[in-house]
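Taking this note's numbering, the leading residue of the sequence shown gets 40, the next gets one more, and so forth. Where is the CB? At the ideal position from N, CA and C, for every residue including glycine. What follows is a single structure, written as structure tokens, with notes after it.
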Amino acid sequence: MFSRARIVLTLLYSAVFLTCFWAFSTGLYLWTEQSFEVEIGEKMSQRPTLEGTGADLGESVVDINEGALDQLQTGLIRLNLLLLVIIPAVSWLLTGMTLGPVHKAHEAQRQFVSDAAHELRTPLTILQSEMEVALGKERTPEHYRSVLRSGRQEILRLSELAECLLFLARNDDGKDRLAVERIDLTDLVSAVLASFRAPIAEKRLVLMFEPPEESVAIEGDPQMLIRLFANLVDNAIKYSASGGQITVTVAAREAKATVEIADDGIGIAPGLHEKIFARFTRADSSRGETKGFGLGLAICRAIAERHGGTIAVTSVPGNGSTFSVILPGVQTT
């Protein structure tokens with residue numbers, strides 16, 4: 040589709056540019072010719088004779104002007120023939136620059152829709168198969184309750200996916216306005232960690248929280264920032280082995296706030312450090328064993344960028360990962 044559109048636009052651009060240059064060349068030639076005719080008319084009316092030669096000055100002007108017109112005509116023809124090659128090439132480059140971002144956005148949208156459909160199909164397939172089995176013959180009340188519990192879990196997964204997709208869509212459109220207020224970042228991160236006490240205790244993880252000596256205050260949306268750090272802590276818990284350690288550090292560096300969340304889990308391959316922030320992307324098959332949609336880190340990046348910050352990861356396979364969030368506008372008290 041885009042190849043055909045590029046060809047059509049190239050032909051259109053070429054036709055417009057060539058028409059403009061040809062019209063300009065024709066106009067220039069006609070204007071010059073008319074100017075020469077006026078000059079010749081003036082000289083012919085005077086008809087003076089060149090001193091010592093007896094030559095007619097008007098005839099000399101005619102010869103000179105005709106020679107100049109011939110040179111101008113030849114030059115314009117050569118120029119327009121050259122433009123027949125240059126303009127289509129330039130038009131091809133311009134259409135590539137014009138359609139490039141559109142093509143990229145279209146491919147991203149197509150991939151997004153394809154991935155979303157795949158993620159939706161899995162829980163829907165589970166719901167359908169379990170219900171068909173349950174309705175195939177009479178079952179015990181306990182079996183029906185089991186099917187309902189399983190169905191509820193899949194519905195919750197669908198709801199979570201829908202909520203994530205809605206958040207990203209609204210973020211892309213800029214419809215979600217930040218409820219900005221002054222936040223004590225240390226207190227916010229501490230509250231997030233407190234909400235994960237149960238899963239941390241369940242996996243017997245050691246949590247090391249390293250707050251700064253002074254409070255770090257920033258301007259931001261507390262709910263979005265809670266979601267950002269909750270996603271990162273949740274990932275650290277999921278991908279850490281039982282008995283492992285998670286270290287969370289809050290610091291103020293060069294008028295910016297930095298939050299680092301490190302685990303000693305399975306790590307991420309170097310070639311995937313940037314890709315994991317893309318939507319519907321999981322680091323690899325081993326990390327993919329943990330249930331998820333591959334949207335958590337995409338949401339984290341979206342929230343960080345909405346606050347004018349950045350998020351990055353450093354990791355070595357088998358030695359854990361460290362996610363670093365840098366936010367601007369830090370004030371220490």
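- Spatial neighbours of Leu138 in its own chain (CB-CB distance under 8 Å, excluding positions within 5 residues in sequence) are listed in chain order as Phe41, Ala44, Arg45 and Leu48.
- Residue burial is scored here from C-beta neighbours: Asn358 has fewer than 16 other C-beta atoms within 10 angstroms and is therefore classed as exposed.
- One Cα belongs to Leu115, the other to Phe56, and the distance between them is close to 15 Å.
- Distance check between Pro250 and each of Ala351, Gly175 and Ala290 places Ala290 closest, using alpha-carbon atoms only.
- For the pair Leu204 and Ala155, the CB atoms are nearer than the 8 Å cut-off.
- With distances taken between CA atoms, Trp131 lies nearest to Ser53 out of Asp212, Ser53 and Lys176.
- With distances taken between CA atoms, Asp212 lies nearest to Ala341 out of Thr349, Ala341 and Ile350.
- Two segments are said to touch when three or more pairs of C-beta atoms, one from each, lie closer than 8 Å; by this definition the segment 308-315 does not touch the segment 226-238.
- Beyond the five residues adjoining it in sequence on each side, Lys314 comes within less than 7 Å, by CB distance, of Thr320 in the same chain, given in chain order.
- Distance between Phe332 and Leu200, taken at the CA atoms: about 7 Å.
- Beta-bridge partners assigned by DSSP to Met247: Thr286.
- Counting the other CB atoms within 10 Å of its CB gives Phe268 a total of 16 or more, which places it among the buried residues.
- Around the beta-carbon of His157, fewer than 16 other beta-carbon atoms lie within 10 Å, marking it exposed.
- Separation of Leu69 and Ala62 (C-alpha to C-alpha, rounded to the nearest whole angstrom) is 11 Å.
- One Cα belongs to Val245, the other to Leu159, and the distance between them is close to 36 Å.
- At least 8 Å separates the beta-carbon of Ala173 from that of Arg221.
- A direct Cα-Cα distance of roughly 18 Å separates Gly259 from Leu271.
- Judged by DSSP in its simplified three-state form, Lys314 adopts helix.
- Under DSSP, the beta-bridge partners assigned to Arg221 are Glu258.
- The beta carbon of Val287 sits closer than 6 Å to the beta carbons of Phe248 and Ile300 from its chain, once the five residues preceding and following it are set aside; these are given in chain order.
- In the structure shown, the three-state DSSP call for Lys295 is strand.
- For Asp211, the secondary structure class from DSSP, reduced to helix, strand or coil, is helix.
- For Ala240, the closest alpha carbon among the candidates His145, Gly335, Val129 and Ser279 is that of Ser279.
- One thing to note: Ile365 has its Cβ within 8 Å of the Cβ of Thr297.
- Straight-line measurement puts the Cα of His182 at about 14 Å from the Cα of Leu166.
- An exposed status is given to Val141, since fewer than 16 other beta-carbon atoms sit within 10 Å of its beta-carbon.
- Considering only Gly282, Val231, Arg292 and Ser254, the residue with the shortest C-alpha distance to Gln262 is Val231.
- The secondary-structure analysis by DSSP pairs Ala351 across a beta bridge with Ser363.
- Cβ-Cβ separation between Gly304 and Ser360: approximately 7 Å, consistent with a contact (criterion under 8 Å).
- Taking all protein chains shown into account, Val219 has fewer than 16 neighbouring C-beta atoms within 10 Å of its C-beta and is therefore exposed.
- Under DSSP, Ile300 takes part in a beta bridge, and its partners are Val287 and Phe362.
- Per DSSP, Pro356 lies in no alpha helix (DSSP H) and is assigned neither H nor E.
- Cβ neighbours of His312 within its own chain (closer than 7 Å, five residues either side excluded): Val352 and Ser354.
- In the DSSP assignment, Ala337 falls within the unbroken alpha helix (DSSP H) covering Gly335 to Arg345.
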